[in-house]
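Engineer:
In my numbering, the protein residues as written are 36 to 284.
(1) Are residue 70 and residue 103 closer than 8 Å when you measure CB to CB?
(2) Between which two residues does the alpha helix (DSSP H) carrying residue 122 extend?
(3) By the three-class DSSP mapping on this structure, what secondary structure does residue 50 have?
(4) Just confirm the distance between the C-beta atoms of residue 108 and residue 204, as a whole number of angstroms; I'd bet it's less than 8 Å.
(5) From which residue to which residue does the alpha helix (DSSP H) around residue 69 run?
(6) Based on the DSSP secondary-structure assignment, which residues constitute the bridge partners of residue 202?
(7) Which of the three DSSP states, helix, strand or coil, is assigned to residue 218?
(8) Which residues in the same chain as residue 99 place their Cβ atom closer than 6 Å to its Cβ, once the five residues preceding and following it in sequence are excluded?
(9) Can you say whether residue 40 is buried or exposed, counting buried as having 16 or more other CB atoms within 10 angstroms of its CB?
(10) Cα-Cα, which of 271, 269 and 244 is closest to residue 281?
(11) Is the Cβ-Cβ distance between residue 111 and residue 120 less than 8 Å?
(12) Please look up how many angstroms separate the CB atoms of residue 214 and residue 91, rounded, as I've assumed it's under 8 Å.
(13) Just verifying my parser: in three-state terms, what is the DSSP assignment at residue 153?
(14) Assuming residue 178 and residue 198 make a contact with CB atoms under 8 Å, what is their CB distance in whole Å?
(15) Hey, which unbroken runs of the beta strand (DSSP E) at 3 residues or more fall wholly within the region 171–201?
(16) Starting from residue 168, trace the alpha helix (DSSP H) both ways and give me its first and last residue.
(17) Cβ-heavy atom distance between residue 215 and the ligand PLP below 7 Å?
(18) Taking the alpha carbon of residue 76 as the reference point, which residue from 274, 237 and 233 has its own alpha carbon closest?
(19) Tell me the DSSP bridge mates of residue 207?
Below, the structure written as structure tokens:
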């Protein structure tokens, strides 16, 4: 059988390491992925820099609404166990901010709007929060575990609840702003510019895939997207790109 190429040409082909069409395509994709990873690192660097905010004092301080928290009831505060229950309160206290001092809001009842009190409860602890709180055996005796509805997950989960909430009462006080945050307009503009670049070109999905962020930015406590609404707000081009990147070699 006759040779397709001469010996010299065949030797050149074998030693030149010429790339096939698939290798060329892979090289282009790899180079693009490296650029996306570099862009991801740059975006993260800008975000960290923006989180290092600088605050300057306000002269004079200004009031912004009211804040409501739990405090010890008067008879408990005068008792022998005041410090003990104050330690528990520090771990399960909650705070609410509102523009009205009476903390009332409008609610529609039977077609009519009426003023009702805003509800506020002591903190209900998840298992990992109980571990972090590190309750002593004496403190743990005032708690019990029960199944409570967890709004973030949309279902009942195991929570640890304080059994004697009557020991605490709500107290309202003015919420004063004593410092203001110094905003760097150039940094904020750069962050928005990078975000627009990623959003307009629909690069977020590929960047999440490259950084092993398989959830695509979703949080574990967010409810799952309904099947009928999964593609409701996605353009066809974005769906095709996601399908392409998910099935890429």
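Here a beta-carbon is modelled for each residue, glycine too, at the ideal position from N, C-alpha and C.
On a predicted model such as this, the values are computed, not experimentally measured, just so you know.
Structural biologist: Let's see:
(1) As a working note, residue 70 is residue 35 in the chain shown. As a working note, residue 103 is residue 68 in the chain shown. Their beta carbons are not under 8 Å apart, which means residue 70 does not touch residue 103 by this criterion.
(2) Sequence index remark: in the chain shown, residue 122 carries index 87 (1-based). It spans 117–127 - the alpha helix (DSSP H) in which residue 122 sits, taken as one unbroken run.
(3) As a first step, residue 50 must be located in the chain shown, where it is residue number 15. Helix at residue 50.
(4) Locating residue 108 in the chain shown gives position 73, where the first residue counts as 1. Locating residue 204 in the chain shown gives position 169, where the first residue counts as 1. Between residue 108 and residue 204 a beta carbon distance of about 5 Å is seen, short of the 8 Å cut, so the two are scored as contacting.
(5) On the chain shown, position 34 is the one that residue 69 refers to. Unbroken alpha helix (DSSP H) run through residue 69: 56–86.
(6) Locating residue 202 in the chain shown gives position 167, where the first residue counts as 1. Answer is none; residue 202 lacks a bridge partner.
(7) The residue given as residue 218 occupies position 183 in the chain shown. DSSP places residue 218 in coil when its eight states are reduced to three.
(8) Residue numbering aside, residue 99 sits at position 64 when the chain shown is read from its first letter. If we look at residue 99 and ignore the five residues flanking it on each side, its Cβ neighbours are 210 and 212.
(9) Within the chain shown, numbered from 1, the residue matching residue 40 stands at position 5. Exposure of residue 40 is indicated by the presence of fewer than 16 other C-beta atoms within 10 angstroms of its C-beta.
(10) Taking the first residue of the chain shown as position 1, residue 281 is located at position 246. Residue 244 is the option with its Cα nearest to residue 281.
(11) Reading the chain shown from its first residue, position 76 is the one you call residue 111. Reading the chain shown from its first residue, position 85 is the one you call residue 120. In contact: residue 111 and residue 120 (Cβ atoms closer than 8 Å).
(12) Numbered from 1 along the chain shown, position 179 holds the residue referred to as residue 214. Numbered from 1 along the chain shown, position 56 holds the residue referred to as residue 91. Yes, they are in contact, since the Cβ atoms of residue 214 and residue 91 sit about 6 Å apart, within 8 Å.
(13) Numbered from its first residue, the chain shown carries residue 153 at position 118. Note: residue 153 maps to coil in three-state DSSP.
(14) As a first step, residue 178 must be located in the chain shown, where it is residue number 143. As a first step, residue 198 must be located in the chain shown, where it is residue number 163. At roughly 7 Å, the Cβ-Cβ gap stays under 8 Å, so residue 178 and residue 198 are in contact.
(15) 178–185 and 190–197
(16) Stepping through the chain shown from its first residue, residue 168 is reached at position 133. Element bounds for residue 168: 162–168.
(17) Here there are no bound small molecules, and the ligand PLP is not part of this structure.
(18) Translated into positions along the chain shown, residue 76 becomes position 41. Nearest C-alpha to residue 76: 233.
(19) In the chain shown, counting from the first residue as 1, residue 207 sits at position 172. According to DSSP, which records beta bridges pairwise, residue 207 is partnered with 103.
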